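Participant: Read in order, the letters of the sequence shown are residues 288 to 821 in our numbering. Every residue, glycine too, gets a C-beta built ideally from N, C-alpha and C. Here the structure is a predicted model, which is why all the values come from computation and not from measurement.
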Amino acid sequence: MKQGFAILAAFAILFGCATNNEREAATAEAPVNEIPAFQEPINYIPSALGPYSWKITTSSEMAQKYFDQGIQMRYAYGMNDAARSFRQAHYADPDCAMCYWGEAFSLGSFLNGGMTAEKAPYAHEAIEKAVELSGNATALERDLIMAARDRYPADYDPDNRRPVDEAFAERMKNVYEKYPDNHEVAVVYAVALFLLEERRGYRDINDPDLIYLHDVLLGVLNEDIAHPGACHLYIHATESTQQPELALPCADYLSDAVPAASHIQHMPSHTWNEVGFWGKSVRANTKAWHSDLKSRQGEGFSYAPGHNLHMLLFAASMDGQGAVATQAGKDYTKETGNSMYQVLTLLRFGRYDEIPGVTDRPEAEVAGGYWDFAQGYAAAHNGDLDLARDYLAKVQALAETSTARFRFHDASQLMGLSAAILEGEILRLDGDLDGAIVLFRRAAELDDQQPYDEPQPIPYAARHWLGAALLEAGRYAEAEDEYRTELADHPHNVWSLTGLKAALDAQGKTDEAVDADFEESTARMDVWITTSII
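#1: Glu773 and Ala748: beta carbons closer than 8 Å?
#2: Distance check for Val507 and Lys465, CA to CA, integer angstroms please.
#3: Note down, in chain order, each residue of its chain lying with its Cβ closer than 6 Å to the Cβ of Pro318, except the 5 sequence neighbours on either side.
#4: Excluding the 5 residues preceding and the 5 following Ala723 in the sequence, name in chain order all residues of the same chain whose CB lies nearer than 6 Å to its CB.
#5: In whole angstroms, what separates the C-alpha of Glu316 from that of Phe354?
#6: Under the rule that 16 or more other beta-carbon atoms within 10 Å means buried, what is Glu769, buried or exposed?
#7: When burial is assigned at 16 or more other CB atoms within 10 Å of the CB, is Ser334 buried or exposed?
#8: Between the alpha carbons of Ala766 and Val545, how many angstroms are there, rounded?
#9: Which residues in the same chain as Leu596 place their Cβ atom closer than 7 Å to its Cβ, once the five residues preceding and following it in sequence are excluded?
#10: Measure the alpha-carbon distance for Phe373 versus Lys342 and round it to whole angstroms.
#11: When we look at the beta-carbon of Phe695 and count the other beta-carbons within 10 Å, is it buried (16 or more) or exposed?
#12: Using DSSP's beta-bridge definition, name the partner residues of Arg371.
#13: Tell me whether the stretch 527-537 and the stretch 486-500 touch, counting them as touching only if at least three CB pairs, one residue from each stretch, are closer than 8 Å.
#14: What does the alpha-carbon distance come out to for the pair Ala707 and Leu720?
#15: Count Cβ pairs between the stretch 438-450 and the stretch 418-428 that sit closer than 8 Å; are there 3 or more?
#16: Which ranges would you report for the alpha helix (DSSP H) in the stretch 346-402 if only whole runs of at least 4 residues count?
#17: Are the CB atoms of Pro440 and His411 within a distance shorter than 8 Å?
#18: DSSP three-state label for Arg692, please.
#19: If we call anything under 8 Å between Cβ atoms a contact, is Met823 one with Ser568?
#20: Does DSSP put Phe588 in a helix, a strand or coil?
#21: Kindly indicate which residue of Ser589, Asp380, Gly607, Val630 has the alpha-carbon position closest to the one of Tyr563.
#22: Do the stretch 661-668 and the stretch 639-651 make contact, defined as three or more Cβ pairs closer than 8 Å?
#23: May I have the straight-line CA-CA distance separating Trp815 from Trp565, to the nearest angstrom?
#24: Determine whether the beta carbon atoms of Ser556 and Ala571 lie at a separation below 8 Å.
#25: Taking 8 Å as the CB-CB limit, is Phe727 close to chain C?
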C-alpha cells in the first residue's frame with residue numbers, strides 16, 4: 288500500500304498537481320527497503336538540463352521531457368537518476384516502448400560498473416515490457432529494443448557478464464550498420480563496444496579495436512561536437528592513450544551539455560589534466576562540486592562528489608592554487624570522513640603547523656598510512672626528527688606488510704613511495720643530502736610504476752623532491768633532466784617549472800619556451816615558491 292502511494296504521488300508530480308508537502312509525504316510514506324533507490328519518484332529539473340534531446344515515439348510531452356532528462360543523466364553516469372527519470376516517462380505514457388528501453392539502459396552495465404544482481408530483474412522486466420510495446424515504436428526504435436533484449440536475460444549472472452556484453456555489442460553492430468548516420472544509434476553502439484574494453488590502464492592509439500571505437504564516436508562528434516554521450520566516451524577513450532589531446536575539441540563543450548550534472552562538469556578535466564591545463568581543470572571541478580551541492584537542494588544531479596573533490600585538489604595543487612587545494616582537502620574530509628587529502632594538501636603547500644591539528648586518523652590502511660606520512664613529514668619540519676622517525680616506521684611497516692589497495696594501486700607501492708620521500712626528507716634535514724638523493728630517486732622510480740589513474744592518488748610528484756635535492760647539492764644538469772622528465776608526465780605544473788628555471792639559471796642557460804611556459808602557468812599561483820618543495 289505504501290509503495291502504491293508513492294507511485295500515485297509520482298503521477299501527481301508528473302501532472303503538476305503535487306505540492307512540496309505531498310512530495311515529501313510520498314517519500315516519508317515509502318520506506319527505503321520497499322522502493323529501490325532507482326525507482327523513487329524524481330522531479331523534472333529543466334534548469335539543470337542542456338539542449339540535447341532524443342526524440343522518441345510518445346503521445347506525451349511530459350514523457351518526452353522525462354526521457355530527455357533520463358538520457359542526459361545516463362550519459363552523465365547518474366544511473367539511478369536516469370532510471371528514475373525513464374520510469375517517470377513511462378508513467379506519463381504507459382504505451383511508450385522507448386521509455387521502458389531507457390529504464391533498462393540505465394539499469395545495465397556501464398563504464399564504471401557492471402549490472403548488479405539487484406538491478407538485473409528490473410532491467411529484464413523493463414526490456415520485456417519495451418518488446419511488448421514495440422509495435423507502437425518506429426522501425427529504428429524496435430531494432431534498438433530487440434538488440435538490447437540479449438543484454439538483460441532473466442538468468443543474468445553478474446560474475447559472468449562477458450557473454451552478455453559481447454552479444455549486445457554484436458546486435459548493436461547490426462543496428463549501427465543499418466543506421467550508420469544516426470547519432471543515437473552510434474553512441475549506444477559505442478557504449479556496447481567500450482564494455483568489451485579493459486576499463487583501466489594505458490591504451491595504444493594504434494590498437495585496431497580502439498581505432499574503430501574512435502571512428503564510431505567521431506562519426507557523431509564531427510557533426511555534433513557537443514553530444515554529451517559521444518564526448519564523454521571519447522574523453523575516456525583517449526585520456527590514457529598517447530594522444531589525450533584528441534578530445535580537446537569536445538571537452539570545451541561538454542560541461543554546458545548538461546549544466547548541473549556534476550560528472551559532466553567534471554569529465555573535461557580528464558583531458559585537461561593529461562595535457563596540463565590545470566586552471567581549466569580547477570574550474571571544471573569547482574563547477575562539478577557546485578552541481579553536487581545543488582543536487583542537495585533539488586537543483587542538480589550528483590555523481591561521485593568525492594572523486595570531483597579529489598580531481599579538484601589534484602589540479603589545484605599542480606597549478607599552485609593553495610587556497611583552493613587545501614579547501615578541497617577539507618571538503619573531502621567532510622564528504623568522505625577520510626582526512627588523507629586534508630593533510631596531503633597541507634603538506635604540499637608547506638602548512639606544517641596545521642597538520643598536527645588534523646587528529647582524526649583514517650581507519651583504512653592506505654589512507655591511514657598517508658596520514659602517518661604527513662604527520663611524520665610535519666614533525667620533521669617542526670623540528671622533531673625522533674617523532675618523524677616513529678611515523679616513518681609505521682609507513683615502512685605498511686609498505687612491507689599491507690595487501691590493501693587504494694583505487695587501483697597496491698598499498699606496498701604507494702606506501703613504499705611515501706616512506707622513501709619521508710626518509711629522504713629526514714636525512715636531508717639532518718644534513719645527509721647524498722643519502723636523501725638516493726631515497727628520492729627510489730621514490731621517483733616507484734612513482735613511475737604507478738598504473739594509469741585519473742587523477743593519481745597523490746597531488747604531487749616524487750621528482751619534485753629529487754629535483755630540489757639535486758639543486759641543493761649543486762648537481763644542476765641532473766636536476767634539469769629530472770624536471771624535464773617530470774614535466775612530460777605533468778605538463779605545465781608550477782613546481783617542476785620553478786625547479787627547471789632554477790636549474791637553468793644555475794647553469795647560466797636560458798630557454799625561451801620554459802620562460803613562456805612559466806609565465807603562463809604560474810599566473811594563478813597563490814603561493815610563493817623558489818623550489819619544487821616548500
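Facilitator: In brief:
#1: Position 486 of the sequence shown, counting from 1, holds the residue named residue 773. Position 461 of the sequence shown, counting from 1, holds the residue named residue 748. Their beta carbons are under 8 Å apart, which means Glu773 touches Ala748 by this criterion.
#2: For the purposes of this step, residue 465 is taken as the residue at position 178 of the sequence shown. For the purposes of this step, residue 507 is taken as the residue at position 220 of the sequence shown. Roughly 16 Å between the two C-alpha positions.
#3: Numbered from 1 along the sequence shown, position 31 holds the residue referred to as residue 318. Annotation note: pLDDT 41 at Pro318 (below 50); position unreliable, no value reported.
#4: Reading the sequence shown from its first residue, position 436 is the one you call residue 723. Contacts found: Gly711, Leu714, Arg715, Ala756.
#5: Residue 316 sits at position 29 when you count from the first residue of the sequence shown. Residue 354 sits at position 67 when you count from the first residue of the sequence shown. Residue placement at Glu316 is flagged as unreliable, the pLDDT there being 37, under the threshold of 50; the coordinate-derived value follows with that caveat. If I take the Cα positions, the gap works out to 26 Å.
#6: Start at 1 with the first residue of the sequence shown, and residue 769 comes out as number 482. Label assigned to Glu769: buried.
#7: Taking the sequence shown and counting its residues from 1, one reaches residue 334 at position 47. Exposed: under 16 other Cβ atoms inside 10 Å.
#8: Your numbering for residue 766 matches position 479 in the sequence shown. Your numbering for residue 545 matches position 258 in the sequence shown. So the two alpha carbons sit approximately 45 Å from each other.
#9: For this step, residue 596 is matched to residue 309 along the sequence shown. Excluding positions up to five away in sequence, the list reads Trp576, Ala615, Asp618, Tyr619, Glu622.
#10: In the sequence shown, the residue the question calls residue 373 occupies position 86. In the sequence shown, the residue the question calls residue 342 occupies position 55. If I take the Cα positions, the gap works out to 14 Å.
#11: Position 408 of the sequence shown, counting from 1, holds the residue named residue 695. It counts as exposed.
#12: Taking the sequence shown and counting its residues from 1, the one referred to as residue 371 is at position 84. The partner list for Arg371 (beta bridge, DSSP) is empty, contrary to what the question assumes.
#13: yes
#14: The residue you call residue 707 lines up with position 420 of the sequence shown. The residue you call residue 720 lines up with position 433 of the sequence shown. Looking at the two C-alpha atoms, the distance is approximately 14 Å.
#15: no
#16: 348-362, 366-379, 384-394
#17: By one-based count along the sequence shown, residue 411 stands at place 124. By one-based count along the sequence shown, residue 440 stands at place 153. Taking 8 Å as the Cβ cut-off, His411 and Pro440 qualify as a contacting pair.
#18: Here residue 692 refers to the residue found at position 405 of the sequence shown. If DSSP states are grouped into helix, strand and coil, Arg692 belongs with the strands.
#19: The requested residue 823 is not part of the displayed model; the chain covers only 288 to 821.
#20: Taking the first residue of the sequence shown as position 1, residue 588 is located at position 301. Note: Phe588 maps to strand in three-state DSSP.
#21: Taking the first residue of the sequence shown as 1, we reach residue 563 at position 276. In the sequence on display, residue 563 carries Gly and not Tyr. Nearest C-alpha to Gly563: Gly607.
#22: yes
#23: Along the sequence shown, one-based indexing puts residue 815 at 528. Along the sequence shown, one-based indexing puts residue 565 at 278. C-alpha separation (whole angstroms): 18 Å.
#24: Position 269 of the sequence shown, counted from the start, is the residue given in the question as residue 556. Position 284 of the sequence shown, counted from the start, is the residue given in the question as residue 571. Taking 8 Å as the Cβ cut-off, Ser556 and Ala571 qualify as a contacting pair.
#25: No chain C appears in the structure shown, which is made up of a single protein chain.
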